[in-house]
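> Residue numbers (full-length UniProt numbering), protein chains in the order written: chain A, 1 to 423; chain B, 1 to 423.
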């Protein structure tokens, strides 16, 4: 496997970013067919070399065991032949997505005959800063390359060996394709300074995408001068209105809280209209018991439900990402909106109601990437919405909001064609 | 005029931003008609109270005289009854623009019946940081309000009295409209700390837009954690190819350099193909002489043209914004592209050629908001392209690129309507 290992050269971060930028110029001009062929080649070579990847992954796993990582973290870190096959299949799916590059978004001709076109072009170089999951290495690379962008990867130190092995395999695969191997750069240095350099390398990196916990995202946002696509933190609320249908409400609460509690579109706070909760408290209690949900509630919640831990400010602010929930009781939809305005992270917010006036008030007034009437917040997801793979879920307002598919990795260019027009 | 002056209250920046944010929630729900009525009212009151504005403007002018401002700066600062009328007419034109808010960009229904809509919504609160021109106070306010956004204005200290007077008039006008006066906040404090507070007020401000010189923009980009819409610096190039038509080339060079040398879409560097310049040097020289253009050129330029000042690195990098030009001579379109890649600011870049292969190479390879074949870079402008008034010209790749009209001041929201869907 020496040929694989030798592909990770000892360059500094700036050199790597410059190589990526140079490669991005070539990549931007490739056809969809050429990019797809390269992705399919990577998929095949990943499967063929999966033994090498798993071997390197074992090093990360045994280091993780020594550091007494939680089973959840170990699970995120762990690769198997099946998981590597999933990576490869993921890349094959990306080849099925429409290439956004070259799309003419609009075109018109000025009175003087100047032809104006708005054309989609790649952003250039994407800086991806992420934590333990090695799958991000493959997924982000696939989406970046398909949309004509080079990528500089800075993965978490816990998955260093796995990520290095995956990138070595990608580099080997790219040797026989039209995509230059330099379009995929992996920063092997684990010191914080290396990531810090990415934050300010505006001349070579066009956008930073942090994927991971709130602390990681905060660090990037606060320190970067390169524009950031902020992803992920979801303190999502389900408001059960006075006019909520009982069956729908219970199904949505259950799904949003228990289907996958650790993901960002899971619910963290239930807000109940007082009158509704009074009528339906036994059913709500049965739901909590069924799943062993730990309830942190306000005073009114404690009056109506058993075993309520008194909620403090932290409960309204934080993501539990587990089978715990904060419960707030309100006496109007306006009060629910005010609570969400104060504590929401502008990710996904839902109202359960049969009253269209209350629904409209909620959907219009709540400022979030996704607002729902009578559905689970779990649908804020690229594949659920039919976008295919996503690079993340944007919780910012600029550039892209909500699940980001390939178009979020592009920008536009005005292409003007004339025959001597002047102003 | 005491009622006008009293509307500027003594609040700190954070209090002002919070008031703007609160007002933005109401403003976001207004109809286009309500917003247009408010803008027309502002226009009328600006005209009616123009004597007060001019009186306050005189204070800035006499302070400027004492500080020995250049005539160009004095001119930017100077208001007249006609200019105030232009402000009012500008607002009236904004009422003619289509309101982007509420537009449904796309909509579809998932197999499970969940209805998904992508709806345009206002960004929320815009922070505008700008230099001497008092017209920005009116223009930016008009565009922000029309697109349902509140605005926090931080103008230059040189125009402080003029800006305060304009905002006082706007506040007075808004009293009789549906738009809350708090939606327009003006930061009267001239200390740098006040602007600095805006840079990091992510909880209350959704985007910062700096308008002014390169130093101002750099300060904002480097210090802001609030997302920035970067505008304006244009180091624009005209490349005259070997296959350029002589008449078109001369007309484009003349227009791009001399029509309005101080604006960002004016040309700063001419790149000539060697063979073309050898043939047409006398005509080029005649053009330079006609306008008294100062030429800073490389060695080859000095060989072919008289009175060439040797160009140094600074000449390739900086905007002259005056009747000076840098001249570089190359022997291929690739060499021109490489020069632009190195020194361009990704604003507007043009090739003059009748050769379609060279044109395509240039248009595809040059990374800029606008790329031109056979037309002047001066068309990179909202009104020239038919967008109506613009909030600035974005030279960044995220969110908006090129001239920014009203849609650049909006984001989207996914609005989901279901009947109990869960995943």
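We treat Cβ as the ideally placed atom computed from N, Cα and C, and that holds for glycine.
(1) Report the option in 362(B), 26(B), 61(B), 238(B) whose CA atom is closest to the CA atom of residue 74(B).
(2) Could you name the residues of the stretch 378-397 of chain B whose beta carbon sits closer than 9 Å to any beta carbon of chain A, in the order they occur along the chain?
(3) Would you report the Cα separation of residue 90(B) and residue 297(B), rounded to the nearest angstrom?
(4) Closer than 8 Å is the cut-off here; do at least three beta carbon pairs connect the stretch 313-320 of chain B with the stretch 331-338 of chain B?
(5) Where do the ends of the alpha helix (DSSP H) carrying residue 380(B) lie?
(6) Count the other C-beta atoms from every protein chain shown that fall within 10 angstroms of the C-beta of residue 149(B), then say buried if there are 16 or more, exposed otherwise.
(7) With a CB to CB cut of under 6 Å and the five nearest residues on each side skipped, what residues in its chain are close to residue 233(B)?
(8) Given this structure, state the Cα-to-Cα distance separating residue 44(A) from residue 38(A), to the nearest angstrom.
(9) Would you mind telling me which residues of chain A sit closer than 8 Å to residue 412(B), beta carbon to beta carbon, in chain order?
(10) What residue from 243(A), 266(A), 262(A), 242(A) has the CA that sits closest to residue 252(A)'s CA?
(11) Relative to the alpha-carbon of residue 178(B), which residue among 342(B), 34(B), 406(B) has its alpha-carbon at the smallest distance?
(12) I'd like to know if residue 367(B) contacts chain A, where contact means its C-beta is closer than 8 Å to some C-beta of that chain.
(13) Report back the beta-carbon spacing between residue 325(B) and residue 295(B) to the nearest angstrom; my notes put them in contact at under 8 Å.
(14) Please report how far the alpha carbon of residue 393(B) lies from the alpha carbon of residue 141(B), in whole angstroms.
(15) Is residue 360(A) helix, strand or coil by DSSP?
(16) Under a CB-based cut-off of 8 Å, is residue 375(A) close to chain B?
(17) Would a check of beta-carbon distances place residue 124(A) closer than 8 Å to chain B?
(18) If you run the structure through DSSP and keep just helix, strand and coil, what is residue 7(A)?
(19) Using only the alpha-carbon positions, how far apart do residue 320(B) and residue 352(B) sit?
(20) Can you confirm whether residue 371(A), when its beta carbon is compared against all beta carbons of chain B, has any partner nearer than 8 Å?
(21) For residue 296(A), name the three-state secondary structure that DSSP assigns.
(22) Does residue 74(A) get closer than 8 Å to chain B when you measure Cβ to Cβ?
(23) Can you list the residues of chain B that residue 235(A) reaches, using a CB-CB cut of under 7 Å?
(24) Taking DSSP's pairing of strands, which residues face residue 283(A) in a bridge?
(25) Pick from 76(B), 52(B), 423(B): whose alpha carbon is nearest that of residue 168(B)?
(26) Given that residue 355(B) touches chain A, what residues does it touch there, using C-beta distances under 9 Å?
(27) When the Cβ atoms of the stretch 159-167 of chain B are set against those of the stretch 125-141 of chain B, are three or more pairs found closer than 8 Å?
(28) Suppose the cutoff is 6 Å on Cβ atoms and the five residues either side in sequence are ignored; what does the same chain contact list for residue 49(B) look like?
(29) At a Cβ cut of 9 Å, what residues of the stretch 240-257 of chain B count as close to chain A, listed as they run along the chain?
(30) Put residue 307(B) into one of helix, strand or coil per three-state DSSP.
(31) First and last residue of the beta strand (DSSP E) that includes residue 374(B)?
(32) Going by Cα to Cα distance, which pick from 54(B), 116(B), 259(B) is closest to residue 375(A)?
(33) Could you check which residue in 285(A), 127(A), 202(A) has the C-alpha nearest to that of residue 187(A)?
(34) State buried or exposed for residue 68(A), treating a residue as buried only when at least 16 other CB atoms are found within 10 Å of its CB.
(35) Can you say whether residue 256(B) is buried or exposed, counting buried as having 16 or more other CB atoms within 10 angstroms of its CB?
(36) Output the residue ranges of the alpha helix (DSSP H) runs that lie fully inside the stretch 329-359 of chain A and measure 4 residues or longer, sorted by chain position.
So, to answer that:
(1) Comparing Cα-Cα distances from residue 74(B) to each of 362(B), 26(B), 61(B), 238(B), the minimum goes to 61(B).
(2) Result list: 378, 379, 380, 381, 384, 385, 386, 396, 397.
(3) Roughly 41 Å between the two C-alpha positions.
(4) Output reads no: the stretch 331-338 of chain B does not touch the stretch 313-320 of chain B.
(5) Counting along the chain, residue 380(B) falls outside any alpha helix (DSSP H), and DSSP gives it neither H nor E.
(6) So residue 149(B) ends up on the buried side.
(7) Cβ within range, chain order: 214, 345.
(8) Cα to Cα, residue 44(A) sits roughly 10 Å from residue 38(A).
(9) Listed along chain A are 401, 402, each with a C-beta nearer than 8 Å to that of residue 412(B).
(10) Taking only the C-alpha atoms, the option nearest residue 252(A) is 266(A).
(11) For residue 178(B), the nearest C-alpha among the options comes from 34(B).
(12) Yes, residue 367(B) counts as interfacial toward chain A.
(13) Contact holds; Cβ gap of about 6 Å.
(14) In a straight line, the C-alpha of residue 393(B) is about 17 Å away from that of residue 141(B).
(15) For residue 360(A), the secondary structure class from DSSP, reduced to helix, strand or coil, is helix.
(16) Judged by the 8 Å Cβ criterion, residue 375(A) is in contact with chain B.
(17) Cβ-Cβ to chain B under 8 Å: yes for residue 124(A).
(18) Below a pLDDT of 50, predicted positions are generally treated as unreliable, and residue 7(A), at 46, falls in that range; the measurement from the model is reported next regardless. Note: residue 7(A) maps to coil in three-state DSSP.
(19) Looking at the two C-alpha atoms, the distance is approximately 22 Å.
(20) Residue 371(A) counts as touching chain B.
(21) Looking at residue 296(A) - three-state DSSP - the assignment turns out to be strand.
(22) Answer no: the Cβ-Cβ gap between residue 74(A) and chain B never drops below 8 Å.
(23) Going along chain B, no residue has its Cβ under 7 Å from residue 235(A), so there is no contact; the nearest lies around 14 Å.
(24) As DSSP reads the structure, residue 283(A) sits in no beta bridge.
(25) Distances from the alpha-carbon of residue 168(B) to those of 76(B), 52(B), 423(B) put 52(B) closest.
(26) Near residue 355(B) there are no residues of chain A at all, since even the closest Cβ is about 13 Å away, more than 9 Å.
(27) Segments in contact, yes.
(28) Once the five neighbours on either side are set aside, the close Cβ partners of residue 49(B) are 169.
(29) Within the stretch 240-257 of chain B, the qualifying residues are 245, 247, 248, 249, 251, 252, 254, 255, 256.
(30) Secondary structure of residue 307(B) (DSSP, three-state): coil.
(31) Looking at the DSSP string, the run of the beta strand (DSSP E) that includes residue 374(B) is 370-375.
(32) Closest in alpha carbon position to residue 375(A), among 54(B), 116(B), 259(B), is 116(B).
(33) When each option's Cα is compared against that of residue 187(A), the closest is 127(A).
(34) Flag for residue 68(A) reads exposed.
(35) It is buried - the Cβ of residue 256(B) has at least 16 other Cβ atoms within 10 Å.
(36) Those alpha helix (DSSP H) runs which fall completely within the stretch 329-359 of chain A and span 4+ residues are 333-343.
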